[in-house]
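For the sequence shown, the working numbering begins at 254 and goes up steadily by one. Cβ atoms here follow ideal geometry from the backbone N, Cα and C, with glycine treated the same way. Note that this is a predicted model, so its numbers are computed, not measured.
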Amino acid sequence: MRHTVTKVVVPAAGLGTRFLPATKALPKEMLPVVDKPAIQYVVEEAVRAGLPDVLFVTGRNKNALENHFDRATELEQILVGKGDAARLQLVCESSALANVHYVRQGDPLGLGHAVLRSRDHVGDDSFAVLLGDDLIDGRDRLLERMLQVHDERDTCVVALMEVDPAQAHLYGIATVDATDEADVVRVRGLVEKPPAGTAPSNLAIVGRYVLKPEIFPVLEQTAPGRGSEIQLTDALLTMAADDEVGGVHGVVFRGRRYDTGDKLDYIKANVMLACEREDLGPGLRAWLREYVEQLVLEPV
Ligand code: G1P
């Protein structure tokens, strides 16, 4: 599919404090989901959607991430010497995948600030932002649909999902109007992580955005919000009220999303994705059934 967007921004400067001690020396983006770093799924998603130009907004301690998307010549040579073509392919996959670029965030001033740091690279075109904590199943073409809506309506697009109201305080929450397309809504209101019990809806932003470049001057003017950080959600609220820039639309996603943002959800994501795999699934599913039976018999 051809579309007007070519660049992807992936904020990756967080400290990953929810995963300590695992993230003391390892960037959280490099934690494996089954057998691949979480961040590789995100880059694969971008490439699948036809966007191989990826800018990571990084911080200190992210060398492992840069190494992962670079050649590993010594390792490659050893595998060539052993004639291990299968493993060689796994090693080469991530370095051949995309055209990767890096910019440092500098001050950790929030997601909106991280996106603002991409301005020089992005220039005057629309671009996508993919957050590494949300993995979208490769069979569900969310990003492609968002790019299509962006192109057809000349608007910013966010991915929205219905969440359990008890979880709404963990997300940016949208109030919306219906449109003539069942999976597309016009965003009217946005609030970043509303205090528990105050969310105006259960439609949450999941970490996929297609943004018009007009977001940059708005981000520059956006005062620190929730957590004293510059929030992308707040800048999008300004864009939503601006008909001249096409407002903000949401694509309501009903597919498979794996949250790797906290420990319990990360473990669930590993189990679900491993169950789907041809090599691991049959063995894992059989063991899980036995294990669950045992849990039912001897509840903790
Ligand atoms: C960010 C956004 C939030 C969004 C969430 C999706 O929050 O600020 O609006 O709902 O990603 O994962 P974070 O989870 O990075 O704190």
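Identity of the residues DSSP links to Arg-510 by a beta bridge: Ile-389
My parser needs the alpha helix (DSSP H) runs of 4 or more residues fully inside the stretch 279-342; what are they? 291-301, 316-321 and 326-335
Between the stretch 409-426 and the stretch 520-539, can you find at least three pairs of beta-carbon atoms closer than 8 Å? no
Three-state class that DSSP yields for Ala-351 in the structure shown: coil
Measure how close the beta-carbons of Asp-306 and Lys-260 come, nearest whole angstrom, since I'm counting them as under 8 Å. 5 Å
Roughly how far, in whole angstroms, is the beta-carbon of Gly-385 from the beta-carbon of Glu-282, given that I think they are within contact range, below 8 Å? 5 Å
Does the Cβ of Leu-364 lie closer than 7 Å to at least one heavy atom of the ligand G1P? yes
Per the DSSP calculation, Pro-264 is bridged to which residue(s)? Val-310
Residue interval of the alpha helix (DSSP H) (run including Asp-487): 485-493
Classify Ala-367 as buried or exposed, calling it buried when 16 or more other Cβ atoms lie within 10 Å of its own Cβ. buried
Between Thr-486 and the ligand G1P, is the CB less than 7 Å from at least one heavy atom? yes
If distances are taken between C-alpha atoms only, which option among Thr-491, Asn-352 and Gly-500 comes closest to Glu-319? Asn-352
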